[in-house]
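This is how it looks when you write it as structure tokens:
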């Protein structure tokens, strides 16, 4: 039986996890880093969880910036419904960026908000989000083919090996 994880109300298969630390998990999808325990808001994290989450974000950022040919990162935490949080489990997204990947730089936040919950609810729709973001296609693109669990597991394994 495969290990499963919870991300708010969503079940995440072990194949989608590319980083595991004492306090945090890193998932394929829109590259959220989240505490292992259920914590709705950033303000609810322990000092150890805050430290681990942001050290993980830095570590992941170094790898995915190089892996996806990016020159910058967006590190986003939408903390609470009024801030656009769609999954009620504290998390931070680490998204590789290039100059001009969005016409309006802040459009990325709308894309994160609009698609985080949908992609978790329908993992068959998850696509190569990061590669398309840095290829001037944005976070969402209807022309992309859905990824299989196997493809997501391959990406997770590749990222996990780069983080080793």
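Numbering (our numbering), first residue to last: 63 to 226. Note that beta-carbon positions come from the ideal geometry of N, C-alpha and C, so glycine has one too.
(message) Measuring straight from C-alpha to C-alpha, what distance separates residue 144 and residue 121?
(response) Here residue 144 refers to the residue found at position 82 when the chain shown is read from its first residue. Here residue 121 refers to the residue found at position 59 when the chain shown is read from its first residue. Residue 144 and residue 121 have their alpha carbons spaced roughly 29 Å apart.
(message) Helix, strand or coil for residue 164? Go by DSSP, reduced to three states.
(response) In the chain shown, the residue the question calls residue 164 occupies position 102. If DSSP states are grouped into helix, strand and coil, residue 164 belongs with coil.
(request) Report the rounded CA-to-CA distance for residue 209 versus residue 90, giving the unit in angstroms. (result) Counting from one through the chain shown, the residue named residue 209 turns up at place 147. Counting from one through the chain shown, the residue named residue 90 turns up at place 28. So the two alpha carbons sit approximately 11 Å from each other.
(request) Go ahead and pull the three-state DSSP assignment for residue 210. (result) Indexing the chain shown from 1 puts residue 210 at position 148. Of the three classes helix, strand and coil, the one that applies to residue 210 here is coil, per DSSP.
(message) Taking a contact to mean a Cβ-Cβ separation below 8 Å, would you say residue 77 touches residue 226 in this structure?
(response) Walking along the chain shown from the start, residue 77 turns up at place 15. Walking along the chain shown from the start, residue 226 turns up at place 164. It is not a contact, given that the beta carbons lie outside the stated cut-off.
(request) Decide yes or no for the touch test of the stretch 125-136 against the stretch 105-116: beta carbon pairs closer than 8 Å, at least 3 of them. (result) Between the stretch 125-136 and the stretch 105-116 there are fewer than three C-beta pairs closer than 8 Å, too few to call the two in contact.
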